[in-house]
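Structure first, commentary second.
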Amino acid sequence: MWRYTVSKGPGVQRMFDAIAGSYDLMNRVMTLGQDQRWRRFVVYKAQDPGSGWALDLATGTGDIAALTRKTCPASRVIGADFAQNMLKEARKRFAPLDISWQACDANFLPYADNSFASVSFGYLLRNVDDAGAVLKEVHRVLKPGGRVVCLDTTPPRKNLWYPLVRFYFRFGIPFLGRFIAKDESAYAYLTGSTMDFYSADALAAVFTAAGFQEVGYQRFMLGTIAVHWGRKQE
Ligand SMILES: C[S@@+](CC[C@H](N)C(=O)[O-])C[C@H]1O[C@@H](n2cnc3c(N)ncnc32)[C@H](O)[C@@H]1O
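Whatever position you read off the sequence shown (first residue = 1), add 4 for my numbering.
So, in structure tokens, the structure goes:
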């Protein structure tokens with residue numbers, strides 16, 4: 005039985021505001037230094053928008069937005085999140101980069117229809133009440149032909165690695181959360197929300213139901229991480 009200690013929406017916002025200062029260190033340790041590799045894959049799948057706009061939603065401390073800006077030199081990049089402390093870290097970390105950091109809720113995007121060549125997000129959909137509704141909102145703001153790319157944890161499959169992975173999720177991650185982030189409950193939430201999240205196949209179906217085409221995904225880290233992608237019809 006996986007227990008939530010915070011609810012979604014305002015609870016998630018408060019949680020990320022509280023752990024913003026230790027978020028990056030915790031990420032590196034928890035993923036054994038793999039997390040940036042997955043973010044680079046996100047940027048690769050989103051493709052270079054040329055001189056168009058790229059939106060990194062739930063940007064947090066800004067890594068995907070910064071990688072997009074560095075990899076695609078002509079791009080114009082917005083990094084958006086509803087947790088002000090996460091955005092503060094992003095601004096501090098990537099001050100020299102020309103990125104527009106904006107506060108907004110992924111459920112109600114303050115952007116016009118057909119605005120972006122790409123929309124990326126890392127670890128967003130597990131944290132919202134209705135992933136399908138957020139994906140429809142993302143679909144609305146993408147230009148025809150625009151790409152969506154999503155990085156998130158995914159429930160582990162029951163294979164040879166399952167007992168090890170389950171043990172790490174159940175005990176290892178909350179333990180690291182207690183010592184590094186000084187917040188065990190935030191990382192117990194990560195475990196619980198991962199176990200309760202869509203399987204990778206089911207999430208791909210949610211992308212399709214939201215209107216995306218050419219939907220696919222790739223797993224990483226013993227199947228506990230998945231990157232999903234799709235395209236808005238031309
Ligand atoms: C685990 S962090 C991921 C940060 C970053 N994308 C990364 O790759 O490390 C999740 C982020 O999603 C943001 N978030 C969660 N729900 C959101 C929502 N409804 N609207 C905007 N941001 C949201 C949180 O504030 C947090 O910064």
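For each residue, glycine too, the CB sits at the ideal point set by N, CA and C. Note that the structure is predicted; figures quoted are calculated from it, not measured.
Check your understanding: Closest to GLY126 by CA distance: which of VAL81, VAL47, PHE216 is it?
Key -> For the purposes of this step, residue 126 is identified with residue 122 of the sequence shown, where counting begins at 1. When each option's Cα is compared against that of GLY126, the closest is VAL47.
Point to revise | Integer Cβ distance of ARG151 from ILE103, believed to fall under 8 Å | key: Within the sequence shown, the letter at position 147 stands for residue 151. Within the sequence shown, the letter at position 99 stands for residue 103. No, ARG151 and ILE103 are not in contact; Cβ-Cβ is about 19 Å, not under 8 Å.
**Study point:** Among GLY66, TYR221, SER119, nearest to SER55 - alpha-carbon criterion
**Key:** Against the sequence shown, residue 55 aligns to sequence position 51. Here the closest residue by C-alpha is SER119.
**Study point:** Sufficient close CB pairs (3 or more, under 8 Å) joining the region 154-163 to the region 198-211
**Key:** Touching, per the Cβ criterion.
Review point. Nearest-angstrom Cα distance between ARG235 and PHE112?
Key: Sequence index remark: in the sequence shown, residue 235 carries index 231 (1-based). Sequence index remark: in the sequence shown, residue 112 carries index 108 (1-based). Whole-angstrom Cα-Cα distance: 20 Å.
Point to revise | Exposure label - LEU29; buried when at least 16 CB within 10 Å | key: Sequence index remark: in the sequence shown, residue 29 carries index 25 (1-based). Counting of Cβ neighbours within 10 angstroms places LEU29 among the exposed residues, the total staying below 16.
Check your understanding: How many whole angstroms separate the CB atoms of GLN106 and ALA84, which I take to be in contact at a CB cut-off of 8 Å?
Key -> Here residue 106 refers to the residue found at position 102 of the sequence shown. Here residue 84 refers to the residue found at position 80 of the sequence shown. Yes, GLN106 and ALA84 are in contact; Cβ-Cβ is about 5 Å, under 8 Å.
Practice item. Compare the beta carbon distance of VAL231 and GLN237 with 8 Å and say whether it is the shorter of the two. Key: The count along the sequence shown starts at 1 and reaches residue 231 at position 227. The count along the sequence shown starts at 1 and reaches residue 237 at position 233. Remark: C-beta atoms of VAL231 and GLN237 do not approach each other more closely than 8 Å.
Check your understanding: So what does ASN184 bridge to, in DSSP terms?
Key -> Position 180 of the sequence shown holds residue 184. Strictly speaking, residue 184 in this sequence is Ile, with Asn absent from that position. DSSP lists no partner for ILE184.
Practice item. From the DSSP output, in three-state form, read off ARG80 for me. Key: The sequence position of residue 80 within the sequence shown is 76, counting from 1. Secondary structure at ARG80: strand, using DSSP grouped into helix, strand and coil.
Practice item. Taking all protein chains shown into account, decide if LYS49 is buried (16 or more other Cβ within 10 angstroms of its Cβ) or exposed. Key: Within the sequence shown, residue 49 is the residue found at index 45, counting from 1. Buried.
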